[in-house]
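Notes for the one structure printed next.
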Amino acid sequence: MVLMQPTARQLTGIKALVHVLALVPLARLVYLVFTDALVEPLQYITHSTGDWTLYFLCIALAVTPLRRLSKWNWVLKLRRMLGLYAFFYGLLHFITFLWFDHFFDVAAMLKDVAKRPFILVGFIAFVLLIPLAATSTNAMVKRLGGKNWLWLHRLVYAIVPLGVLHYWWMKSAKNDLAQPLLFACIVGALLLMRVWWARQKSKAPARASA
Amino acid sequence: MLIKRSSNGIDLPFSSEITPRHVFEARRDFIRQIAAGTIASGALLEMLTREAFAQGTGQKLPARLNPSYSALDKQTPRKDATTYNNFYEFGTDKSDPAENAGTLRTRPWTVAIEGEVKKPMTLDIDSLLKLAPLEERVYRLRCVEGWSMVIPWVGYSFSEIIKRVEPTGNAKYVEFITLADRQQMPGVRSRVLDWPYVEGLRIDEANHPLTLLTLGMYGEVLPNQNGAPVRLVVPWKYGFKSAKSIVKIRFTRDMPRTAWNKSAPSEYGFYSNVNPDVDHPRWSQASERRIGEDSFLSRKRKTLLFNGYNDVGSLYSGMDLKKWF
Chain A
1 MVLMQPTARQ LTGIKALVHV LALVPLARLV YLVFTDALVE PLQYITHSTG DWTLYFLCIA
61 LAVTPLRRLS KWNWVLKLRR MLGLYAFFYG LLHFITFLWF DHFFDVAAML KDVAKRPFIL
121 VGFIAFVLLI PLAATSTNAM VKRLGGKNWL WLHRLVYAIV PLGVLHYWWM KSAKNDLAQP
181 LLFACIVGAL LLMRVWWARQ KSKAPARASA
Chain B
1 MLIKRSSNGI DLPFSSEITP RHVFEARRDF IRQIAAGTIA SGALLEMLTR EAFAQGTGQK
61 LPARLNPSYS ALDKQTPRKD ATTYNNFYEF GTDKSDPAEN AGTLRTRPWT VAIEGEVKKP
121 MTLDIDSLLK LAPLEERVYR LRCVEGWSMV IPWVGYSFSE IIKRVEPTGN AKYVEFITLA
181 DRQQMPGVRS RVLDWPYVEG LRIDEANHPL TLLTLGMYGE VLPNQNGAPV RLVVPWKYGF
241 KSAKSIVKIR FTRDMPRTAW NKSAPSEYGF YSNVNPDVDH PRWSQASERR IGEDSFLSRK
301 RKTLLFNGYN DVGSLYSGMD LKKWF
């Protein structure tokens with residue numbers, strides 16, 4: 001069965017499919033902008049790229065639980081590209097902010113980041129994503145050593161809640177918390193599963209090593 | 001008297017430049033009809049407006065351009081102004097009101113005017129349409145979210161209402177209470193705000209000639225998503241101060257507790273005057289993007305104090321606008 005153990009060829013196909021799917025939101029955005037379908041394009045782009053950053057972060061965080069629950073070990077091979085797509089949409093989100101709000105005036109942007117807390121939180125989350133994206137190549141894994149690399153990439157456990165907080169804070173002024181609440185629940189569940197598994201592991205070390 | 005002739009004999013200056021073609025053409029037809037003596041102006045207005053409502057929105061609402069209250073800015077395309085709206089009673093997305101407001105019934109409709117007034121009254125929409133001559137005024141609209149539009153509204157100064165109800169000496173504020181009907185307004189089922197939506201003005205603000213009781217836009221009856229059948233437009237304040245689909249107007253001694261102020265008092269003050277120097281935690285107020293005009297390649301334009309309506313400055317003389325935001 002493909003899902004249990006895809007062949008190398010099948011895995012290549014799956015990866016290609018994920019790439020295509022991951023670029024659909026961008027293609028849609030480009031289409032909407034260039035067909036003049038949006039009344040306020042930059043606000044739409046800002047919101048949509050922000051949403052997709054969070055979606056991809058959640059999907060990337062869901063890989064490990066999915067693997068443990070389904071025993072599909074191969075899904076781990078998709079994790080890095082999913083994380084990179086989260087960074088990709090986060091980068092677009094950041095560029096839009098820089099463009100939309102500040103017209104590439106970095107000094108004005110930094111002033112704004114310092115002044116408005118919800119932007120600061122999002123900015124920190126974005127900055128923390130940079131080293132993760134930068135060390136995503138095999139060469140970097142080797143250079144850092146597996147253990148260091150893993151440790152560094154655990155930063156994601158801080159980044160995702162910061163992203164949700166950023167979204168929550170942005171929405172809270174308008175009391176429109178249904179979506180941030182949904183994100184918070186999903187991310188909370190994904191992180192709690194890890195806490196649970198870590199505890200199980202520490203409780204029964206003898207059996208695990210036996 | 002509906003049509004006033006200006007003393008210099010020139011009607012409607014600039015109308016061809018700043019008013020959409022179908023509107024000024026309709027207006028000319030209307031004037032021609034009157035000049036031909038076909039029908040008395042009051043009766044014609046009644047006939048036209050009854051016709052308008054019988055056929056729903058998109059119907060003409062004849063009004064005379066008031067150039068002294070009309071900005072010469074390029075007008076926002078009607079399509080943008082009617083599809084990009086904040087009207088939380090119909091949903092929180094900008095496209096929700098245009099999609100969901102079809103269920104709103106704007107007839108019959110009454111507005112109760114009460115509180116600290118000598119002559120409380122309840123007016124239906126026909127009485128409101130006839131209460132004073134309808135004017136077209138082109139106002140800039142600045143949303144607290146950092147975008148702006150330029151919209152030709154149809155209505156008359158709210159002071160016309162104030163004159164008729166005769167506020168008592170105790171009337172210091174005016175409270176505008178809007179419809180909150182779960183049946184007609186799907187957004188009211190969510191708890192985004194404490195319904196009904198309430199807005200308010202100090203009585204001198206309400207009495208300022210710029211404050212417009214609005215019954216139409218783009219020469220037509222107000223579309224539901226823009227606050228039909230009757231709303232307020234206060235052009236020197238952020239858009240949310242202009243209550244939509246009003247059902248009750250109360251003159252009060254105390255400052256009304258407005259919907260946004262109740263929801264987030266540190267972010268939405270009672271006054272909410274457009275002010276580039278007073279920041280909002282979510283949106284920079286220093287600049288804005290003019291919908292339909294500023295390309296997304298261009299830098300945002302600077303926001304003007306009081307949205308450029310400097311006349312109103314005297315209402316706030318001696319007030320610290322950072323404190324009374």
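First to last, the sequence lines map onto chains A and B.
Per full-length UniProt numbering: the first sequence = residues 1 to 210.
Per full-length UniProt numbering: the second sequence = residues 1 to 325.
The beta-carbon is built from N, C-alpha and C at its ideal position, and this holds for glycine as well.
Note that the coordinates shown come from a computational prediction; the quantities given were computed from them, not determined experimentally.
Give every residue of the same chain whose Cβ lies closer than 7 Å to the Cβ of residue 110 of chain B, excluding the five residues on either side of it in the sequence, and list them in chain order. Sequence index remark: in the second sequence, residue 110 of chain B carries index 110 (1-based). Cβ neighbours of residue 110 of chain B beyond the five flanking positions: 122, 123, 124.
Tell me whether residue 136 of chain B sits in a helix, a strand or coil according to DSSP, three-state version. Here residue 136 of chain B refers to the residue found at position 136 when the second sequence is read from its first residue. Strand at residue 136 of chain B.
Strand pairing of residue 217 of chain B, partner residues [DSSP]: Counted from its first residue, the second sequence places residue 217 of chain B at position 217. According to DSSP, which records beta bridges pairwise, residue 217 of chain B is partnered with B:153, B:220.
Check residue 218 of chain A in the structure and name its three-state DSSP category. Outside the shown range of chain A, which is 1 to 210, sits residue 218 of chain A, and nothing can be said about it.
Do the CB positions of residue 112 of chain A and residue 192 of chain B come within less than 7 Å of each other? Walking along the first sequence from the start, residue 112 of chain A turns up at place 112. Walking along the second sequence from the start, residue 192 of chain B turns up at place 192. Cβ atoms of residue 112 of chain A and residue 192 of chain B: not closer than 7 Å.
Could you check whether the Cβ of residue 173 of chain A sits closer than 7 Å to any Cβ belonging to chain B? Here residue 173 of chain A refers to the residue found at position 173 when the first sequence is read from its first residue. True, the Cβ-Cβ gap to chain B drops below 7 Å.
How should residue 114 of chain A be labelled, buried or exposed, when 16 other C-beta atoms within 10 angstroms of its C-beta is the threshold for buried? By one-based count along the first sequence, residue 114 of chain A stands at place 114. With fewer than 16 other Cβ atoms within 10 Å, it is exposed.
Short check: CB of residue 81 of chain B to CB of residue 151 of chain B, under 7 Å? Residue 81 of chain B sits at position 81 when you count from the first residue of the second sequence. Residue 151 of chain B sits at position 151 when you count from the first residue of the second sequence. In contact: residue 81 of chain B and residue 151 of chain B (Cβ atoms closer than 7 Å).
Residues of its chain near residue 267 of chain B, where Cβ-Cβ distance is below 7 Å and the 5 sequence neighbours each way are ignored: By 1-based counting over the second sequence, the position of residue 267 of chain B is 267. Within the same chain, residue 267 of chain B has close Cβ partners 280, 281.
Where in the UniProt domain "Oxidoreductase molybdopterin-binding" (106–260) of chain B do unbroken runs of the alpha helix (DSSP H), each at least 4 residues long, occur, reported from the N-terminal end onward? 125–131, 159–165, 203–207
Give a yes or no on whether 7 Å exceeds the smallest Cβ distance from residue 28 of chain A to chain B. The residue you call residue 28 of chain A lines up with position 28 of the first sequence. By this cut-off, residue 28 of chain A is not an interface position.
Where does the unbroken beta strand (DSSP E) through residue 314 of chain B begin, and where does it stop? For the purposes of this step, residue 314 of chain B is identified with residue 314 of the second sequence, where counting begins at 1. No beta strand (DSSP E) holds residue 314 of chain B; DSSP gives it neither H nor E.
Is residue 96 of chain B close to chain A, meaning its C-beta is less than 7 Å from at least one C-beta of that chain? As a position in the second sequence, residue 96 of chain B is number 96, starting the count at 1. No, its Cβ sits nowhere closer than 7 Å to a Cβ of chain A.
Going by CA-CA distance only, name the one from B:84, B:323, B:227 that's closest to residue 180 of chain B. The residue you call residue 180 of chain B lines up with position 180 of the second sequence. Of the candidates B:84, B:323, B:227, the one whose C-alpha sits nearest the C-alpha of residue 180 of chain B is B:227.
Exposed unless 16 or more other CB atoms sit within 10 angstroms - verdict on residue 34 of chain A: Taking the first sequence and counting its residues from 1, the one referred to as residue 34 of chain A is at position 34. By the neighbour-count rule (16 or more Cβ atoms within 10 Å), residue 34 of chain A is not buried but exposed.
Identify, in the order they occur along the chain, each residue of the same chain with its Cβ nearer than 7 Å to the Cβ of residue 29 of chain A, setting aside the five sequence neighbours on each side. The count along the first sequence starts at 1 and reaches residue 29 of chain A at position 29. Excluding positions up to five away in sequence, the list reads 45, 48.
Three-state secondary structure assigned by DSSP to residue 68 of chain A: Locating residue 68 of chain A in the first sequence gives position 68, counting from the first residue. Reduced to three states, the DSSP call for residue 68 of chain A is helix.
Is there contact here, the stretch 114–128 of chain A with the stretch 155–168 of chain A, by at least three beta-carbon pairs under 8 Å? yes
Which same chain residues, not among the five before or five after residue 291 of chain B, have their C-beta less than 6 Å away from its C-beta? Position 291 of the second sequence holds residue 291 of chain B. Around residue 291 of chain B: 76, 80, 147, 149.
Using the three-state DSSP reduction, which class does residue 335 of chain B fall into: helix, strand or coil? Shown here, chain B extends from 1 to 325; a query on residue 335 of chain B therefore has no answer.
Are the CB atoms of residue 207 of chain B and residue 101 of chain B nearer to each other than 7 Å? For the purposes of this step, residue 207 of chain B is taken as the residue at position 207 of the second sequence. For the purposes of this step, residue 101 of chain B is taken as the residue at position 101 of the second sequence. Against a cut-off of 7 Å, the Cβ pair of residue 101 of chain B and residue 207 of chain B comes out as no contact.
Say whether chain A places a C-beta atom closer than 7 Å to the C-beta of residue 162 of chain B. Here residue 162 of chain B refers to the residue found at position 162 when the second sequence is read from its first residue. No, no contact with chain A.
Less than 7 Å between C-beta atoms, sequence neighbours within five positions excluded: which residues of the same chain meet that for residue 62 of chain A? Position 62 of the first sequence, counted from the start, is the residue given in the question as residue 62 of chain A. Once the five neighbours on either side are set aside, the close Cβ partners of residue 62 of chain A are 190.
Cβ closer than 7 Å: which chain A residues qualify as neighbours of residue 193 of chain B? Mapped onto the second sequence, residue 193 of chain B falls at position 193. Chain A residues near residue 193 of chain B: 175.
Could you name the residues of the same chain whose beta carbon sits closer than 7 Å to that of residue 59 of chain A, not counting the 5 residues immediately before and after it, in chain order? For the purposes of this step, residue 59 of chain A is taken as residue 59 along the first sequence, with counting starting at 1. Excluding positions up to five away in sequence, the list reads 82.
Could you check the C-alpha separation between residue 272 of chain B and residue 53 of chain A for me, to the nearest Å? In the second sequence, residue 272 of chain B corresponds to position 272, counting from 1. In the first sequence, residue 53 of chain A corresponds to position 53, counting from 1. Their Cα atoms are separated by approximately 33 Å.
Taking 8 Å as the threshold, find out whether the stretch 100–108 of chain A comes into contact with the stretch 143–151 of chain A through three or more Cβ pairs. no
Residue from B:200, B:300, B:169, B:288 whose Cα sits closest to the Cα of residue 248 of chain B: Translated into positions along the second sequence, residue 248 of chain B becomes position 248. The shortest C-alpha separation from residue 248 of chain B is found at B:200.
So residue 112 of chain A contacts chain B; which residues on that side make the cut at Cβ distance below 9 Å? Taking the first residue of the first sequence as 1, we reach residue 112 of chain A at position 112. By Cβ distance, chain B contributes 284.
Coil, strand or helix - residue 174 of chain A by DSSP: As a first step, residue 174 of chain A is located in the first sequence; it is residue number 174 there, counting from the start. Reduced to three states, the DSSP call for residue 174 of chain A is coil.
Over the uninterrupted beta strand (DSSP E) stretch that includes residue 288 of chain B, give me the two end residues. Here residue 288 of chain B corresponds to residue number 288 of the second sequence, with the count starting at 1. Element bounds for residue 288 of chain B: 287–290.
Could you list which residues in chain A have their beta carbon closer than 8 Å to that of residue 92 of chain B, in chain order? In the second sequence, the residue the question calls residue 92 of chain B occupies position 92. Here the neighbours are 174, 176.
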